[in-house]
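Novice:
Protein chains: 2
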Amino acid sequence: MQNILRDERPAIALDTASTAGIIGYRLRRAQLSVFQKFLATFDTLKLRPADYSVLVLIADNPGRKQTEIAEVLGIKRANFVTLVHGLEDRGLVERTPSSTDKRANALHLTTEGVAFLAHARRVHEAMEQELIDRLGGDKERTQLLALLDQLT
Amino acid sequence: MQNILRDERPAIALDTASTAGIIGYRLRRAQLSVFQKFLATFDTLKLRPADYSVLVLIADNPGRKQTEIAEVLGIKRANFVTLVHGLEDRGLVERTPSSTDKRANALHLTTEGVAFLAHARRVHEAMEQELIDRLGGDKERTQLLALLDQLT
DNA sequence: TATTGTTATACTCTATAACTATA
DNA sequence: TATAGTTATAGAGTATAACAATA
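Chains as they are written, first to last, in the numbering used here: chain A, -11 to 140; chain B, -11 to 140.
(1) Measuring only the C-alpha atoms, how far is G124(A) from Q117(A)?
(2) Taking 7 Å as the threshold (beta carbon to beta carbon), is V44(A) in contact with chain B?
(3) Can you tell me the Cβ-Cβ gap for F26(B) and V111(B), rounded? I've got them flagged as a contact below 8 Å.
(4) Restricting to Cα atoms, I'd like to know which of E113(B), Q131(B), V72(B) is closest to T98(B).
(5) So, at 7 Å on beta carbons, what are the nonlocal neighbours of P37(B) in its own chain, with the 5 sequence-adjacent residues on each side left out?
(6) Determine which residues of the stretch 3 to 30 of chain A have a Cβ less than 9 Å from any Cβ of chain B, and write them out in chain order.
(7) Among residues of its own chain, excluding the 5 on either side of E76(A), which ones have a beta-carbon nearer than 8 Å to its beta-carbon?
(8) Taking a contact to mean a Cβ-Cβ separation below 7 Å, would you say N93(B) touches K34(B) in this structure?
(9) With burial defined as no fewer than 16 other Cβ atoms inside 10 Å of the residue's Cβ, what is the status of A47(A): buried or exposed?
(10) Please classify A58(B): does DSSP put it in a helix, a strand, or coil?
(11) Per DSSP, which residues does K53(A) bridge with? Please list them.
(12) When Cβ atoms are compared, which residues of the stretch 111 to 123 of chain A fall closer than 9 Å to chain B?
(13) Since L2(A) and E56(B) should fall inside the 8 Å C-beta cutoff, what is the C-beta to C-beta distance between them, to a whole number of angstroms?
(14) Apart from the five residues just before and just after E113(B), which ones in its own chain have a Cβ nearer than 7 Å to its Cβ?
(15) Taking the C-alpha atoms as reference points, what is the distance between A8(A) and R14(A)?
(16) Whole angstroms is fine: what's the gap from L80(B)'s alpha carbon to R17(B)'s?
(17) Beta-carbon of T140(B) versus every beta-carbon of chain A: anything under 7 Å?
(18) Expressed to the nearest angstrom, what Euclidean distance is found between the alpha-carbon atoms of S21(B) and S6(A)?
(19) Could you confirm whether any beta carbon from chain A is found closer than 7 Å to the beta carbon of S41(B)?
(20) Mind checking who P37(B) pairs with in its DSSP beta bridge?
(21) Can you give me, in chain order, the residues of the stretch 76 to 110 of chain A that have a beta carbon less than 9 Å from any beta carbon in chain B?
(22) For a contact defined as C-beta to C-beta under 8 Å, what are the partners of R65(B) on chain A?
(23) Measure how close the beta-carbons of V60(B) and L45(B) come, nearest whole angstrom, since I'm counting them as under 8 Å.
(24) Strictly by DSSP, which residues pair up with A113(B)?
(25) Starting from R83(B), trace the beta strand (DSSP E) in both directions and tell me its first and last residue.
(26) Looking at the secondary structure, which residues open and close the alpha helix (DSSP H) in which F26(A) lies?
(27) Have a look at L136(A) and K90(B) and give me their C-alpha separation to the nearest angstrom.
(28) Got a sec, what are the start and stop residues for the alpha helix (DSSP H) G74(A) sits in?
(29) If you measure from the beta carbon of L71(A) to each beta carbon in chain B, is any gap under 7 Å?
(30) Check whether the Cβ of D48(B) lies closer than 7 Å to any Cβ atom in chain A.
(31) What number of angstroms, rounded off, separates the C-alpha of R(-3)(A) from the C-alpha of T88(B)?
(32) I need the straight-line Cα distance from Q19(A) to D39(A), nearest angstrom please.
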């Protein structure tokens, strides 16, 4: 019986039964854990979760205006400005004035953005598969998403 | 066929299939939703999720030092100072110098803190039950917690 | 009048470095 | 030397108000 801890007299573990039973608490811890994994995985690509979701949404909905993309992601349009400008400065996103509404910017991926996202999607797919493996398989993933949906 | 939206020509819904399939994204949205509910529920009690978890943990582990409570919650001890001082200023928590270690503060709930937490626990239990109902029952709650555990 | 993108700003949360007093 | 509590500070993320151009 070896002591894993450095401590000579390891403290008695705390009673965390109450917090462990709280759905919101467990949700938060799981979300932080998954986001940490995302940040580590995408560290070299300099992509944060919000950036990735924006790129994906623009790719799947080309030509939409900032407000539409922002709103569906739950991002305030004021905060979306900095985010999308950052992606534009990196040459991934194009903001072209809308032909039908001179106030609006139509969002598109650049050629570089398309290639970048293709790579990012592959990286993400590997990470996602690892999460699915941890859950136990596709059935469990579907179960989880359904349960999360009922909370949202 | 009535149009639910105010818009005369409602925009075509965005394709959100890609983001909807991302575990981390769905986790984040669910967590935000549950936390919003918590904030609304505890608005009058002026309790944030972190405050509540700290009170619960001190109640279940009286006499522990700040670092221990902070660490198990994943809060940096530097940030924990403001949090626990706030609870002390409200008369809910007592910071008494430890008898065995003059550097450490032993944390306890005050009499007022015990009563306050008893009330908060009842309020929280009602909220938790509502979440369980949304999930479909205790079996689904257990399922969700198990799945979240595998991600953490 | 209302909306789009924008700027400015403030508040919360989180992270790090450095100090003091004790161990 | 290392640890507990603390302070200061900086960086994200998020929220609101207000403005110019346009609808």
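For each residue, glycine too, the CB sits at the ideal point set by N, CA and C.
Specialist: From the atom records:
(1) Within the first sequence, numbered from 1, the residue matching residue 124(A) stands at position 136. Within the first sequence, numbered from 1, the residue matching residue 117(A) stands at position 129. Each residue's Cα considered, the two are about 10 Å apart.
(2) In the first sequence, residue 44(A) corresponds to position 56, counting from 1. Taking Cβ atoms only, chain B reaches closer than 7 Å to V44(A), which makes this a yes.
(3) The residue given as residue 26(B) occupies position 38 in the second sequence. The residue given as residue 111(B) occupies position 123 in the second sequence. Contact flag wrong, Cβ pair sits at about 10 Å.
(4) The count along the second sequence starts at 1 and reaches residue 98(B) at position 110. With distances taken between Cα atoms, T98(B) lies closest to V72(B).
(5) The residue labelled residue 37(B) in the question sits at position 49 within the second sequence. Around P37(B): F23, F26.
(6) D3, T4, A5, S6, T7, A8, G9, I10, I11, G12, Y13, R14, L15, R16, R17, A18, Q19, L20, S21, V22, F23, K25, F26
(7) Looking up residue 76(A) in the first sequence gives position 88. So the qualifying residues of the chain are E82, R83.
(8) Locating residue 93(B) in the second sequence gives position 105, counting from the first residue. Locating residue 34(B) in the second sequence gives position 46, counting from the first residue. For N93(B) and K34(B), no; Cβs fall outside 7 Å.
(9) Taking the first residue of the first sequence as position 1, residue 47(A) is located at position 59. A47(A) is buried by the Cβ-count criterion.
(10) Translated into the one-based positions of the second sequence, residue 58(B) becomes position 70. Helix, per DSSP.
(11) For this step, residue 53(A) is matched to residue 65 along the first sequence. Partner(s): A94(A).
(12) H112, M115, E116, L119, I120, R122, L123
(13) Along the first sequence, read from residue 1 onward, the residue named residue 2(A) stands at position 14. Along the second sequence, read from residue 1 onward, the residue named residue 56(B) stands at position 68. Rounded, the Cβ-Cβ distance is 6 Å, consistent with contact.
(14) Here residue 113(B) refers to the residue found at position 125 when the second sequence is read from its first residue. Correct list: empty, nothing qualifies.
(15) In the first sequence, the residue the question calls residue 8(A) occupies position 20. In the first sequence, the residue the question calls residue 14(A) occupies position 26. Each residue's alpha carbon lies about 7 Å from the other.
(16) Taking the first residue of the second sequence as 1, we reach residue 80(B) at position 92. Taking the first residue of the second sequence as 1, we reach residue 17(B) at position 29. Approximately 32 Å between the Cα atoms of the pair.
(17) For the purposes of this step, residue 140(B) is taken as the residue at position 152 of the second sequence. With 7 Å as the cut-off, T140(B) counts as an interface residue toward chain A.
(18) Here residue 21(B) is taken as the residue at index 33 of the second sequence, counted from 1. Here residue 6(A) is taken as the residue at index 18 of the first sequence, counted from 1. The straight-line gap from Cα to Cα measures roughly 21 Å.
(19) Position 53 of the second sequence, counted from the start, is the residue given in the question as residue 41(B). True, the Cβ-Cβ gap to chain A drops below 7 Å.
(20) What you label residue 37(B) is simply residue 49 of the second sequence in a count that begins at 1. Answer is none; P37(B) lacks a bridge partner.
(21) R109
(22) If you number the second sequence from 1, residue 65(B) lands on position 77. By Cβ distance, chain A contributes nothing, its closest Cβ being about 15 Å from R65(B), past 8 Å.
(23) To locate residue 60(B), count along the second sequence from 1; it is residue 72. To locate residue 45(B), count along the second sequence from 1; it is residue 57. At roughly 7 Å, the Cβ-Cβ gap stays under 8 Å, so V60(B) and L45(B) are in contact.
(24) Here residue 113(B) is taken as the residue at index 125 of the second sequence, counted from 1. The displayed chain sequence assigns Glu, not Ala, to residue 113(B). Bridge partners of E113(B): none, in fact.
(25) To locate residue 83(B), count along the second sequence from 1; it is residue 95. Start and end: 81 to 85.
(26) The residue given as residue 26(A) occupies position 38 in the first sequence. First-last of the alpha helix (DSSP H) with F26(A): 11 to 29.
(27) For the purposes of this step, residue 136(A) is taken as the residue at position 148 of the first sequence. For the purposes of this step, residue 90(B) is taken as the residue at position 102 of the second sequence. Near 46 Å, if we compare the C-alpha coordinates of K90(B) and L136(A).
(28) Numbered from 1 along the first sequence, position 86 holds the residue referred to as residue 74(A). 65 to 77 is the span of the alpha helix (DSSP H), which, as asked, contains G74(A).
(29) The sequence position of residue 71(A) within the first sequence is 83, counting from 1. It does not: the Cβ of L71(A) has no partner Cβ on chain B nearer than 7 Å.
(30) Within the second sequence, the letter at position 60 stands for residue 48(B). Chain A, which has a Cβ nearer than 7 Å to the Cβ of D48(B), makes this yes.
(31) As a position in the first sequence, residue -3(A) is number 9, starting the count at 1. As a position in the second sequence, residue 88(B) is number 100, starting the count at 1. Legend: pLDDT at R(-3)(A) = 43, less than 50; position of this residue unreliable, value from coordinates given subsequently. The alpha-carbon atoms of R(-3)(A) and T88(B) are separated by roughly 14 Å.
(32) Sequence index remark: in the first sequence, residue 19(A) carries index 31 (1-based). Sequence index remark: in the first sequence, residue 39(A) carries index 51 (1-based). Roughly 17 Å between the two C-alpha positions.
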